[in-house]
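Asks: Residue numbers (the working numbering): 45 to 240. Backbone N, C-alpha and C fix where the C-beta goes; we use that ideal spot for every residue, glycine too. First, the structure itself, so that you have it in front of you.
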Ligand SMILES: C[S@@+](CC[C@H](N)C(=O)[O-])C[C@H]1O[C@@H](n2cnc3c(N)ncnc32)[C@H](O)[C@@H]1O
């Protein structure tokens with residue numbers, strides 16, 4: 045029996061248009077970014093470069109070997125603005141409330157939905173996201189692969205949007221296809237009107 049978490053060892057980084065991804069991701073120097081279900085950190089290391097020395101990346105995954113690889117690679121490259129933790133994201137994240145400016149969920153929400161842990165994970169994201177924070181989602185386009193999981197497991201834009209709505213997270217900005225396999229969308233909190 046495998047002890048590995050769902051999709052451990054898989055990354056979407058090599059199948060997306062990374063140039064376009066970095067253009068549309070709202071990452072800025074000084075931000076605190078959460079790379080949730082970071083795997084071995086394919087997105088984490090370039091995120092760390094973009095937030096710079098005044099920012100940090102908190103990278104979490106249940107896959108201990110992936111977190112070890114990320115720590116080794118970051119250490120070898122002299123990158124010291126990454127905090128990497130072996131964590132079950134469906135339980136409590138080691139982050140204070142409102143502590144995250146940007147959360148990246150790169151091709152992982154469908155795994156949580158398939159496991160039935162998506163609501164627990166999204167509860168944690170809603171807790172740690174700053175009121176003006178952004179949740180960025182990369183998902184496989186809902187069609188048969190490869191690459192990616194079977195079509196039945198994939199989440200359409202509407203399915204992603206409906207999953208985030210109960211957490212007060214509303215889609216904004218353009219939906220961008222990152223090449224033929226994946227799409228990108230962003231969410232932020234519904235702003236309460238002062239006149240209400
Ligand atoms: C498809 S991989 C994506 C990895 C990374 N985002 C990337 O694309 O490079 C999904 C990741 O979710 C992680 N995972 C699955 N269940 C988890 C959980 N409950 N808590 C944290 N990570 C989990 C797996 O270990 C795996 O690394």
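#1: Skipping 5 residues on each side, what residues in its chain have a beta carbon closer than 6 angstroms to that of residue 64?
#2: Among residues of its own chain, excluding the 5 on either side of residue 87, which ones have a beta-carbon nearer than 7 angstroms to its beta-carbon?
#3: What are the start and end residues of the alpha helix (DSSP H) that includes residue 68?
#4: Verify the contact flag: residue 76, CB atom, against every heavy atom of ligand 1, threshold strictly below 7 angstroms.
#5: Any contact of the segment 151–164 with the segment 112–130, i.e. 3+ C-beta pairs under 8 angstroms?
#6: Drop a sphere of 10 angstroms on the beta-carbon of residue 135, count the other beta-carbons inside from all chains shown, and report buried for 16 or more, exposed for fewer.
#7: Please list the terminal residues of the continuous beta strand (DSSP E) segment that includes residue 156.
#8: Suppose the cutoff is 8 angstroms on Cβ atoms and the five residues either side in sequence are ignored; what does the same chain contact list for residue 71 look like?
Replies: Well, looking at it:
#1: Within the same chain, and ignoring the five residues on either side of residue 64 in sequence, the residues whose Cβ sits closer than 6 angstroms to its Cβ are 222.
#2: Within the same chain, and ignoring the five residues on either side of residue 87 in sequence, the residues whose Cβ sits closer than 7 angstroms to its Cβ are 57, 79, 148, 150.
#3: For residue 68, the uninterrupted alpha helix (DSSP H) segment begins and ends at 62–68.
#4: Remark: the shortest separation between the CB of residue 76 and any heavy atom of ligand 1 does not fall under 7 angstroms.
#5: No: fewer than three Cβ pairs fall under 8 angstroms.
#6: Exposed.
#7: Here residue 156 belongs to no beta strand (DSSP E); instead the alpha helix (DSSP H) covers 153–159.
#8: Spatial neighbours of residue 71 in its own chain (CB-CB distance under 8 angstroms, excluding positions within 5 residues in sequence) are listed in chain order as 77, 91, 94, 95, 146.
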